[in-house]
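S.K.: Before I ask anything, let me first share the structure, which is written out below as structure tokens.
Number of protein chains: 2
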Amino acid sequence: MTGRQQRADAQRNYERILEVARTVVEEQGTQASLRDIARRAEVGMGTLYRHFPTREALLEALLRQRFDTLAARAEELEGADDSREALRQWLREFLSRASAYRGLSSSMMTTIGDEDSALHASCSAMREAAGRLVKRAQDDGHIRPDIDGMDVFALVSAVGWIAEQGPVVAGRRDHLFSLVLDGLAAGAVSGRAPRSAD
Amino acid sequence: MTGRQQRADAQRNYERILEVARTVVEEQGTQASLRDIARRAEVGMGTLYRHFPTREALLEALLRQRFDTLAARAEELEGADDSREALRQWLREFLSRASAYRGLSSSMMTTIGDEDSALHASCSAMREAAGRLVKRAQDDGHIRPDIDGMDVFALVSAVGWIAEQGPVVAGRRDHLFSLVLDGLAAGAVSGRAPRSAD
DNA sequence: ACCTGAACACCGTTCAAGT
DNA sequence: ACCTGAACACCGTTCAAGT
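Residue numbers (the working numbering), protein chains in the order written: chain C, 1 to 198; chain Z, 1001 to 1198.
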């Protein structure tokens, strides 16, 4: 689809930018300087904007493959015997990927509500596949019934966010992941009705 | 302590800046433009920097009173009958305060590891008081024993973070808060040993 | 078609010059 | 003592001019 019948220099620039962006975003997170990326790719600012009209478009290009892989993995795990363990395993892999770039959890969460974002489109198929894993674990009685895929996605992304907040808390990532997962298990439901905090 | 024997104009500027900062940070979050604050306070940039050498120092001045109040509230709740409900109540109030400014959860979490930050100092007394509430609830068997105050603080801050990520998820704040709290209750412990995700 | 880089309107931070 | 605002080194975004 993309990349067909482009001029050779355009093709080359596209790839150079993507390659450099991967490095820079790894270093600086999703808020990395676009100017810096253009500079290090030895490309004019206009060229970067031509290929990636928004920051999200660039991030999406960086992540599309991972999202597709994770979506495929979710479909694969739908066939597993233990639906509880399948969900746990998928979320573990998702968390690992979400920890690739600082700020990624936030970018994903924010774009959930923005239909126009390239990240939204790219991410939603994956989220739906994950939602089916949640549903199956619920049908088997492993996950409390009063939650949905979005709750699970939000909480695991939140653990990813915590890990980004500094070395002191980063070391607790896996522990917190376990806490959250345990908390979503059926049987942990409290009898108290929640009331608003403010 | 502070505010003693200052020149009248200095005192006035300090208060003006703080007042304007409250409004601007409410609007724009903790990443608000310092230039904008100085401009709206009708004060030179140097004046802002003289009174608040770092962004955190300004934020701390904005929040000190709230932190003190929350710390006092925690000590008050230490005397409550139901230690489980006391913790829940305190965390509810904390979450409400943490939702005052966009980015505040992140600022608090990040400065936990930075001893030099004004926010760190201001926040730590409150965190310690909250830690005692957690400890008491654990001693009474209401909270699982394999966690500490930092875990609880991180997870509830994470819920605050989620609520900042857009209107779609913001509506789930109280629901997610309940999920997390239920998950920390004793008896929800899983039998599986956690392993690293990457 | 595509690329370049200057131009514009913003930042945060510092610091000489003023009162 | 304290205040001011220009100066500096950065941004993101746009767009006329080039090939």
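Glycine is no exception: its CB is placed at the ideal position from the N, C-alpha and C atoms.
Based on Cα-Cα distance, which residue from C/G46, C/R136 and C/E27 lies nearest to C/A10?
M.R.: C/G46
S.K.: Quick one: measure Cβ to Cβ for Z/V1169 and C/M109, integer angstroms, because I've assumed they're closer than 8 Å.
M.R.: 6 Å
S.K.: Quick one: list the residues of chain Z neighbouring C/V159, beta-carbon separation under 8 Å, in chain order.
M.R.: A1158
S.K.: Cα separation between Z/R1055 and Z/R1173?
M.R.: 27 Å
S.K.: So with CB distances below 8 Å, who are the chain C contacts of Z/T1110?
M.R.: Q165 and G166
S.K.: Using 8 Å as the threshold, is the stretch 1075-1087 of chain Z in touch with the stretch 1128-1139 of chain Z, meaning 3 or more CB pairs across them?
M.R.: Yes: at least three Cβ pairs fall under 8 Å.
S.K.: Taking just the CA atoms, how far does C/V156 sit from C/L104?
M.R.: 13 Å
S.K.: Using only the alpha-carbon positions, how far apart do C/G171 and C/S96 sit?
M.R.: 13 Å
S.K.: Would you please verify whether the beta carbon of C/I143 is less than 7 Å from any beta carbon of chain Z?
M.R.: no
S.K.: How would you label C/E75, buried or exposed, when you count the other beta carbons within 10 angstroms and need 16 or more for buried?
M.R.: exposed
S.K.: What does the alpha-carbon distance come out to for the pair Z/E1019 and C/P145?
M.R.: Approximately 46 Å between the Cα atoms of the pair.
S.K.: In chain order, which continuous runs of the alpha helix (DSSP H) of length 4 or greater are located wholly inside the stretch 3-59 of chain C?
M.R.: 8-28, 34-40 and 45-51
S.K.: With H, G and I counted as helix, E and B as strand and the rest as coil, what does DSSP make of Z/P1194?
M.R.: Confidence at Z/P1194 is low in this model, with a pLDDT of 42, below 50, so the placement of that residue is unreliable and no value is reported for it.
S.K.: In whole angstroms, give me the CA-to-CA distance for Z/L1181 and Z/R1092.
M.R.: In a straight line, the C-alpha of Z/L1181 is about 10 Å away from that of Z/R1092.
S.K.: Hey, how far is the Cα of C/H142 from the Cα of C/L176?
M.R.: Distance between the alpha carbons of C/H142 and C/L176 is about 19 Å.
S.K.: Could you tell me the distance, in whole angstroms, from the CA atom of C/E78 to the CA atom of C/R132?
M.R.: C/E78 and C/R132 have their alpha carbons spaced roughly 8 Å apart.
S.K.: Would you identify the three-state DSSP class for C/A185, choosing helix, strand or coil?
M.R.: strand
S.K.: Based on Cα-Cα distance, which residue from C/G29, C/A61 and C/L48 lies nearest to C/R35?
M.R.: Comparing alpha carbon positions, the residue from C/G29, C/A61 and C/L48 closest to C/R35 is C/L48.
S.K.: Just verifying my parser: in three-state terms, what is the DSSP assignment at Z/V1180?
M.R.: helix
S.K.: Going by Cα to Cα distance, which pick from C/F67, C/A61 and C/V25 is closest to C/S124?
M.R.: For the residues C/F67, C/A61 and C/V25, the minimum Cα distance to C/S124 belongs to C/F67.
S.K.: Under 7 Å Cβ to Cβ from Z/T1002, same chain only, skipping five residues before and after it: list those, please.
M.R.: Unreliable placement is indicated for Z/T1002, whose pLDDT of 43 sits below 50; the coordinate value is still reported in the next sentence. Answer for Z/T1002: no residue qualifies.
S.K.: Closer than 6 Å by C-beta to Z/H1120: which residues in its own chain qualify, once you throw out the five before and the five after it? Chain order, please.
M.R.: Closer than 6 Å at Cβ, skipping near neighbours: T1111 and D1114.
S.K.: Which term fits Z/T1030, buried or exposed, when burial requires 16 or more other beta carbons within 10 angstroms of its beta carbon?
M.R.: buried
S.K.: Tell me whether C/M1 sits in a helix, a strand or coil according to DSSP, three-state version.
M.R.: Here the model assigns C/M1 a pLDDT of 38, short of 50, so the residue's position is not dependable and the matter cannot be decided.
S.K.: Return the first residue and the last residue of the alpha helix (DSSP H) that Z/Q1089 is part of.
M.R.: S1083 to A1098
S.K.: Taking the continuous alpha helix (DSSP H) assigned at Z/D1199, which residues delimit it?
M.R.: The structure shown does not extend to residue 1199 of chain Z, since chain Z is modelled only from 1001 through 1198, so no value can be given for it.
S.K.: Taking C/S106 and Z/Q1028 to be in contact with their CB atoms under 8 Å, please state how far apart those CB atoms are, rounded to whole angstroms.
M.R.: Actually they do not touch by this definition, with Cβ atoms about 16 Å apart.
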